[in-house]
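Please read the structure below before turning to the comments.
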Amino acid sequence: MIFKGILNRFRRVHPGIRLILMVIWLIAVVQTKPEHLHYLIFWMFLQLPHMSVEPKKWGRQMLMAEPFLLFVGLSYLFVYRAPATYYHLTLPEGIWAFIALLVRGNLAVMGITAFVNAISMEGLADGMRWLKVPETFVLIMMQTYRYIGLMVQKVHQMTTAYRLRSGGKTGVHLDAWGSFPGQLLLLSLKQAEATHEAMMLRGYNPAASYVGISKVQISDLTDAIVWLLLFAAVPFVL
Amino acid sequence: MHISDALISPAVGAAFWGVSLAAAAYAVKKVDLQTNSEKLPLAGVMGAFTFAAQMINFTIPGTGASGHLGGGLLLAILLGPHLGYLTMMSLLLIQALFFGDGGLIAYGANVFNMGILTCYVIYPLVYKVLKNRMGKLAIVFSAVAGLGLGAFAVAVETSLSGVVALPFTLFAGVMVPIHLVIGLVEGGITLAVVNYLRRFIPEKLAQMETDAETAFAPRKAMVSIGGLAAAIAGGLAYYASANPDGLEWSVLKVAKTIPEKAIHPAGEAIQNVMSIFSDYQMAGMENARISVGLAGLIGSVLTLLLVMLVVKSAERLKQR
Numbered sequence: 001m002i003f004k005g006i007l008n009r010f011r012r013v014h015p016g017i018r019l020i021l022m023v024i025w026l027i028a029v030v031q032t033k034p035e036h037l038h039y040l041i042f043w044m045f046l047q048l049p050h051m052s053v054e055p056k057k058w059g060r061q062m063l064m065a066e067p068f069l070l071f072v073g074l075s076y077l078f079v080y081r082a083p084a085t086y087y088h089l090t091l092p093e094g095i096w097a098f099i100a101l102l103v104r105g106n107l108a109v110m111g112i113t114a115f116v117n118a119i120s121m122e123g124l125a126d127g128m129r130w131l132k133v134p135e136t137f138v139l140i141m142m143q144t145y146r147y148i149g150l151m152v153q154k155v156h157q158m159t160t161a162y163r164l165r166s167g168g169k170t171g172v173h174l175d176a177w178g179s180f181p182g183q184l185l186l187l188s189l190k191q192a193e194a195t196h197e198a199m200m201l202r203g204y205n206p207a208a209s210y211v212g213i214s215k216v217q218i219s220d221l222t223d224a225i226v227w228l229l230l231f232a233a234v235p236f237v238l
Numbered sequence: 001m002h003i004s005d006a007l008i009s010p011a012v013g014a015a016f017w018g019v020s021l022a023a024a025a026y027a028v029k030k031v032d033l034q035t036n037s038e039k040l041p042l043a044g045v046m047g048a049f050t051f052a053a054q055m056i057n058f059t060i061p062g063t064g065a066s067g068h069l070g071g072g073l074l075l076a077i078l079l080g081p082h083l084g085y086l087t088m089m090s091l092l093l094i095q096a097l098f099f100g101d102g103g104l105i106a107y108g109a110n111v112f113n114m115g116i117l118t119c120y121v122i123y124p125l126v127y128k129v130l131k132n133r134m135g136k137l138a139i140v141f142s143a144v145a146g147l148g149l150g151a152f153a154v155a156v157e158t159s160l161s162g163v164v165a166l167p168f169t170l171f172a173g174v175m176v177p178i179h180l181v182i183g184l185v186e187g188g189i190t191l192a193v194v195n196y197l198r199r200f201i202p203e204k205l206a207q208m209e210t211d212a213e214t215a216f217a218p219r220k221a222m223v224s225i226g227g228l229a230a231a232i233a234g235g236l237a238y239y240a241s242a243n244p245d246g247l248e249w250s251v252l253k254v255a256k257t258i259p260e261k262a263i264h265p266a267g268e269a270i271q272n273v274m275s276i277f278s279d280y281q282m283a284g285m286e287n288a289r290i291s292v293g294l295a296g297l298i299g300s301v302l303t304l305l306l307v308m309l310v311v312k313s314a315e316r317l318k319q320r
């Protein structure tokens, strides 16, 4: 019960403060050397209060980072061959460097996921406005995010229509690969313009600020300071 | 193409954040949403489209590698460089925060590779210059150049961060050719999309392209980028490290010495006569740092003149 209370408290921290904490987490994680990998285990526990994501989603997001990490990391195995001893275990330096890179890379992704997934898109916009990010940029970002959903919907409609007309064939035929994205773009654009015109008729003004900026409460600051103190204490205690 | 956080040092990441934010401040100043509000849905849709295109990885035959579209050129062509750049920035942020693609420390570098290089370098200096001479092929050529340049920048950024074990030339030698092939596919798809829109919404597309082109003239781009190059060569070179560069360092590590004599004496003799700024120094100048700065500045101007000469010569050859 107490643990659940702590979780909920941390998830309510102001989005702007969460973004700052996230940057501190990332800088600390990516600079961790192989001999300090054990810090990361304790830092991971400090991530728990921020988490609200199911492990499956993490797995999917971490997969995106793997190819480039593996491409760079595998070269360590061939280049750094001198033996190195960490945690009473002697292995070629390249293996240690490879392990450290993989752990750092995946934890960086995990950190972003943990910090951001508890924030809604509106909350993120709020946090960005609090951090003085220009309104124009925040508006474009929100539009892009919203139209990703619209586009997914249109792709679904178009593939269904295509399947119904294709006489039992699966997938989009090679002949339609050019017209399919073009038509998708036109349909999405048409709907987006219609929505935008309707919004303008209702008095929407893109230049006027409509993204609210919520105030930072004292509890946000105290929660952030407690988290930072625990985070900074790890290297000193271990 | 997306660099993750573990592949870049905070110092290099911060430097590229600085460059990207400066470009963003300029773009925000140039984009007037009050008078161009109808572009907002277009920016959203194009951003979503590019986002989707970047998610689809395709196999590059014979290499064992895969690639995805950058999309910066398409955004610049349809939205103009400023709005295109801001859209690219926003979609890269969404990818980094919600989809784990790229990173936050590496965000500035990713924006530089896929946004600044395509919208502010390739679009005004390659696409717009070639458009009237090569027609539709300009899109393909520009896409190849954009992705190649981006891949080279990835190699530079990760090498500067000290995370790549391979020598820079080898790493860049792997990165760039693969991305040139991906650039060909990107060019083909960008061309197909632009052609499709040209066929079905010709007036609207013509208006969009005209708006985009007047947003950032090649001459202005050349002056801006030239100014930046001069500032780097003449100003930042002042603070350049005196340590050997990556290649020299690698040679030193392997051979324990850098050969004094050239393999080809004739080549060395020609180089001795030709190199007026040997080791980036001005002859007869005592202050080494000012000497490096001045040599860098002159070198930048000479490079610019040489590029202009090549372009002019190519134009004349084509007229014949």
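Sequences listed follow chains A and B, in order.
Residue numbers for the first sequence follow the UniProt record's numbering, beginning at 1 and rising by one.
Residue numbers for the second sequence follow the UniProt record's numbering, beginning at 1 and rising by one.
By construction, the Cβ of each residue, glycine as well, lies at the ideal position given by its N, Cα and C atoms.
Remember, it's a predicted structure, so these values are computed and weren't measured experimentally.
Cβ of residue i within 8 angstroms of any chain B Cβ
{"i": "E193 (chain A)", "result": "yes"}
{"i": "F231 (chain A)", "result": "no"}
{"i": "M22 (chain A)", "result": "yes"}
{"i": "T136 (chain A)", "result": "yes"}
{"i": "M200 (chain A)", "result": "yes"}
{"i": "G127 (chain A)", "result": "no"}
{"i": "V234 (chain A)", "result": "no"}
{"i": "F42 (chain A)", "result": "no"}
{"i": "Y87 (chain A)", "result": "no"}
8 angstroms Cβ cutoff, residue i in contact with chain A
{"i": "S90 (chain B)", "result": "yes"}
{"i": "F16 (chain B)", "result": "no"}
{"i": "A22 (chain B)", "result": "no"}
{"i": "P124 (chain B)", "result": "no"}
{"i": "P41 (chain B)", "result": "yes"}
{"i": "P177 (chain B)", "result": "no"}
{"i": "K211 (chain B)", "result": "The amino acid occupying residue 211 (chain B) in the given sequence is Asp; Lys does not appear at that position. Judged by the 8 angstroms Cβ criterion, D211 (chain B) is not in contact with chain A."}
{"i": "G246 (chain B)", "result": "With a pLDDT of only 41 at G246 (chain B), under 50, the local geometry of the prediction cannot be trusted, and the value read off the model is given with reservation. No, no contact with chain A."}
{"i": "I139 (chain B)", "result": "no"}
{"i": "L104 (chain B)", "result": "yes"}
{"i": "W249 (chain B)", "result": "Residue confidence is low: W249 (chain B) scores 47 on pLDDT, short of 50, so the model does not pin down where it sits. No coordinate-derived value is stated."}
{"i": "V254 (chain B)", "result": "Low local confidence applies: a pLDDT of 48 at V254 (chain B) is under 50, so the model's placement there is unreliable, and no value is given."}
{"i": "V121 (chain B)", "result": "no"}
{"i": "I182 (chain B)", "result": "no"}
{"i": "V311 (chain B)", "result": "Residue confidence is low: V311 (chain B) scores 48 on pLDDT, short of 50, so the model does not pin down where it sits. Its coordinate-derived value is still stated next. No - not a single Cβ of chain A is within 8 angstroms of the one on V311 (chain B)."}
Top-ranked residue by Cα proximity to residue i, from the options
{"i": "I201 (chain B)", "options": "A:A176, A:K190, A:M200", "result": "A:K190"}
{"i": "M134 (chain B)", "options": "B:L191, B:T118, B:L93", "result": "B:L191"}
{"i": "I119 (chain A)", "options": "A:L174, A:L230, A:V13", "result": "A:V13"}
{"i": "A176 (chain A)", "options": "B:M175, B:I189, B:T169, B:G173", "result": "B:I189"}
{"i": "G100 (chain B)", "options": "A:Q61, A:V79, A:F78, A:S214", "result": "A:Q61"}
{"i": "I95 (chain A)", "options": "A:V23, A:R81, A:W43", "result": "A:R81"}
{"i": "A108 (chain A)", "options": "A:G149, A:A233, A:V29", "result": "A:V29"}
{"i": "F45 (chain A)", "options": "A:L164, A:F231, A:Y86", "result": "A:F231"}
{"i": "I17 (chain A)", "options": "A:L201, A:P235, A:F236, A:D220", "result": "A:D220"}
{"i": "A25 (chain B)", "options": "A:L40, A:E66, A:V138", "result": "A:V138"}
{"i": "S20 (chain B)", "options": "B:Y123, B:Y196, B:C119", "result": "B:C119"}
Cross-chain neighbours of residue i in chain A, by beta carbon under 9 angstroms
{"i": "G47 (chain B)", "result": "I140, M141, Q143, T144, Y145, Y147, I148"}
{"i": "A52 (chain B)", "result": "I148, M151, V152, V155, P181, L184"}
Residues bridged to residue i [DSSP beta-bridge criterion]
{"i": "P83 (chain A)", "result": "A:P92"}
Chain-ordered neighbours of residue i on chain A, where CB pairs are closer than 8 angstroms
{"i": "E38 (chain B)", "result": "E193, H196"}
{"i": "I116 (chain B)", "result": "Those do not exist, as I116 (chain B) stays about 15 angstroms from chain A at its closest Cβ, beyond 8 angstroms."}
{"i": "P10 (chain B)", "result": "I27, V30, Q31"}
{"i": "T158 (chain B)", "result": "V72"}
Neighbouring residues, chain A, relative to residue i (Cβ below 7 angstroms)
{"i": "G100 (chain B)", "result": "Q61, M62, M64, A65, V109, I112, T113"}
{"i": "G44 (chain B)", "result": "Q143, T144, R146, Y147, A192"}
{"i": "T87 (chain B)", "result": "I140, T144"}
Under 8 angstroms between C-beta atoms of residue i and residue j
{"i": "A84 (chain A)", "j": "P41 (chain B)", "result": "no"}
{"i": "L77 (chain A)", "j": "L102 (chain A)", "result": "no"}
{"i": "K39 (chain B)", "j": "L79 (chain B)", "result": "yes"}
{"i": "P15 (chain A)", "j": "G111 (chain A)", "result": "no"}
{"i": "S188 (chain A)", "j": "L150 (chain A)", "result": "yes"}
{"i": "A23 (chain B)", "j": "I116 (chain B)", "result": "yes"}
{"i": "F112 (chain B)", "j": "A52 (chain B)", "result": "no"}
{"i": "A109 (chain B)", "j": "I8 (chain B)", "result": "yes"}
{"i": "L74 (chain B)", "j": "V181 (chain B)", "result": "no"}
{"i": "V31 (chain B)", "j": "T136 (chain A)", "result": "yes"}
{"i": "I94 (chain B)", "j": "T144 (chain A)", "result": "yes"}
Per-residue contacts from residue i into chain B (C-beta, under 9 angstroms)
{"i": "I99 (chain A)", "result": "Under the 9 angstroms cutoff, chain B gives no residues; its nearest Cβ is about 12 angstroms from I99 (chain A)."}
{"i": "G178 (chain A)", "result": "I189, A192, V193, N195, Y196"}
Amino acids of chain B, ordered along the chain, whose beta-carbon sits closer than 8 angstroms to that of residue i
{"i": "V79 (chain A)", "result": "A165, L166"}
{"i": "F68 (chain A)", "result": "H2, I3, S4, L7"}
{"i": "V172 (chain A)", "result": "Those within 8 angstroms of V172 (chain A) in chain B number zero; the least Cβ separation is about 12 angstroms."}
Listed by chain order, chain B residues near residue i by CB distance under 7 angstroms
{"i": "R104 (chain A)", "result": "A6"}
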